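Numbering (our numbering), first residue to last: 607 to 737. Here the structure is laid out as structure tokens; the discussion comes afterwards.
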Amino acid sequence: MAEGLVNHFLGDRWQAVSAGSQPSGYVHPLSIRVMAELGIDISANRSKSVIEFRNEALDLVITVCDSAAENCPLWLGKEKVVHIGFIDPAEAQGSLEEKLIVFRQVRDQIQQTVLNYLNQQLPATANNASL
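Put into structure tokens, the structure is as follows:
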């Protein structure tokens, strides 16, 4: 969701890519659904590994997993690394509506927190962020 939000709202300043240490192999259907509610189509996105970006020149790495010490990968590049943690909505329990509530809450928290952080960074035309 972070990749979609950043590229949709800040795509003129930032290009975001999302990757994980243990990619699921798919984009969660409820992520696709709650992003579509904002008019953002992430259905063509894919689950990626951080290994794909190990040799990329990134300006910033933002870790977003709430359990950073246990699950977020250690980034060994020279990029600035910032942690802005969120719960994993895929772990939500309950009915479909209860799960959707959690996905929406996380989406909205990412939109507010990560976009606000990136807006406070120095203006640039070709920044790359990994989320």
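Glycine included, every Cβ here is placed at the ideal spot set by N, Cα and C. Computed from a predicted model, the values in this text were never measured in an experiment.
Secondary structure at residue 637: helix, using DSSP grouped into helix, strand and coil. Annotation: the continuous alpha helix (DSSP H) that includes residue 610 extends over 608-616. Assignment of beta-bridge partners to residue 686 by DSSP yields 666. Taken through DSSP and simplified to helix, strand or coil, residue 621 comes out as strand.
Per the coordinates, the alpha-carbon of residue 704 lies some 14 Å from the alpha-carbon of residue 694. Each of 607, 702, 667, 720 was checked against the Cα of residue 632, and the nearest Cα belongs to 607. Measuring C-alpha to C-alpha distances from residue 696 to each of 706, 661, 655 identifies 706 as the nearest. Counting other Cβ atoms within 10 Å of its Cβ, residue 610 reaches 16 or more and is therefore classed as buried.
For the 7 Å CB-CB criterion, residue 612 and residue 709 do not form a contact.
Counting only the Cα atoms, residue 637 lies some 16 Å from residue 626. Residue environment for residue 655: exposed (fewer than 16 other C-beta atoms within 10 angstroms of its C-beta).
C-alpha of residue 642 to C-alpha of residue 648: approximately 8 Å in a straight line. For residue 702, the enclosing alpha helix (DSSP H) has its first and last residue at 702-725.
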